[in-house]
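Have a look at the structure below, then the notes.
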Amino acid sequence: GVSGEFDPADRTRIVLTVPPVAPGLYTVAWVAVSAEDGHEMLGFYGLVVGGASPLSSDSGPVTSAMPADLSVQLSPATDVGGATQWSVTTSGATADTVARVILSFVPPVSGIGTVQVTCKADAVTGIPGASFPVTMAGDWQVEAIIRRTGVSDDARVRFAWTAVLPLGV
C-alpha cells in the first residue's frame, strides 16, 4: 500500500511512499483539502517508469491565431525519457513582446484537475518550451497563456491535441 508522512524538513509537504511498480506510464492524481475552509484543489502528474514506450501525437504542430497581431504554434515531440517536449513558436507583429508562456494541460479524464507548466527559453534557439510527461492517451486540451510586455491582459489560446499509444503497444 501507500504510506505517507509530513516532510520533517518542510511541514507543508507530505512525502508518500509507494510499492515498486512495473515499467509503464502512470498518472498520479491528488486532492489537497484546506483545513481552514474545506476547499479542494485537484491536480495530477505523469510518471514514465523504466523506459516505457511514451505516447505520441497523431498530428504535427498545431497552430492558432490569437489576437490579429500574434499567432502561436505548439510542437509536441517525445524525448528519450518519455516526456513530451512542447516548443512554442510565436509570430506576428507583436511576437517580440512575448515575455512569458504558460501551458495549461487538461487531460482526457475529467475530475483530476489541470497542470500548468511555465515555458523556459532554450539556451541555443531561444524558443520557449516545456517538458510534460503525457501518460494518458486521448483528447487533451492545451491552453497557451501568453504574457506580453506593454499589454495588460494575457492572450489565451486553446488547442485540441490527441495523444496516442505508440505502435506495437
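Read in order, the letters of the sequence shown correspond to residues -19 to 149 in the working numbering.
Ideal Cβ placement from N, Cα and C applies to all residues, glycine included.
Beta-carbon proximity check, residue i vs residue j, cutoff 9 Å
i	j	result
Thr69	Val95	no
Trp66	Gly109	yes
Ile107	Val97	no
Cα-Cα separation between residue i and residue j, rounded to whole angstroms
i	j	result
Asp133	Asp49	14 Å
Val(-5)	Val8	14 Å
Gly30	Ala73	45 Å
Thr142	Asp119	4 Å
Thr64	Ala15	35 Å
Pro88	Ala140	11 Å
Ser111	Gly18	32 Å
Thr115	Gln121	14 Å
Glu123	Ala117	18 Å
Which listed residue (the options) has its alpha carbon closest to that of residue i
i	options	result
Ala101	Leu35, Val1, Val78 and Pro87	Val78
Ile92	Val(-18), Tyr25 and Asp(-10)	Tyr25
Pro3	Ser33, Val86, Val11 and Pro113	Ser33
Thr(-8)	Leu5, Val1 and Ala12	Ala12
What runs of the alpha helix (DSSP H), each 4 residues or longer, lie entirely inside the stretch 40 to 118? none
To test your reading of the DSSP string, which unbroken beta strand (DSSP E) runs of 3 or more residues are found completely within the stretch -10 to 21? -10 to -3 and 4 to 13
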